[in-house]
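The block underneath contains the structure these notes are about, expressed in structure tokens.
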Amino acid sequence: MKAGVHMYLKSRLKVLLAERDMSQKDLAEQTGLTTRLISEIANNKVKMYPKDALEKIMFTLDIKNLGDLLQRVDEETDN
Numbered sequence: 004m005k006a007g008v009h010m011y012l013k014s015r016l017k018v019l020l021a022e023r024d025m026s027q028k029d030l031a032e033q034t035g036l037t038t039r040l041i042s043e044i045a046n047n048k049v050k051m052y053p054k055d056a057l058e059k060i061m062f063t064l065d066i067k068n069l070g071d072l073l074q075r076v077d078e079e080t081d082n
């Protein structure tokens, strides 16, 4: 295979929570989401981000732009 660039999304949730002095558990309680899902998003363990979860997180953290929550990362590959 030839080299290329793959794009993926990286969560900035840990940074956003730290800026607000808020824990993942606090966010889970305020959004109604599970602590497991919050942890998976914060630690970039999800392959697909549930739209409803992102909307709840953005509303709770008063985030207007999805780009403030998810960062685009381009990664070069050898194959």
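Using the working numbering, the first residue of the sequence shown is number 4, and each one after it goes up by one.
Each residue gets a CB set at the ideal place from its N, CA and C atoms; glycine is no exception.
Treat the numbers as computed from the prediction; the structure is a model and nothing was measured.
{"query": "Just list the residues that DSSP pairs Q74 with in beta bridges.", "result": "K13"}
{"query": "By DSSP's criteria, E79 is part of a beta bridge. Which residues make up the other side?", "result": "V8"}
{"query": "Under DSSP, the alpha helix (DSSP H) around D29 begins and ends at which residues?", "result": "Q27 to T34"}
{"query": "Going by CA-CA distance only, name the one from E79, H9 and V18 that's closest to L73.", "result": "V18"}
{"query": "With a threshold of 16 other CB atoms inside 10 Å of the CB of M4, please say whether the residue is buried or exposed.", "result": "Annotation note: pLDDT 46 at M4 (below 50); position unreliable, coordinate value reported separately. Counting Cβ neighbours within 10 Å, M4 comes out exposed, since fewer than 16 surround it."}
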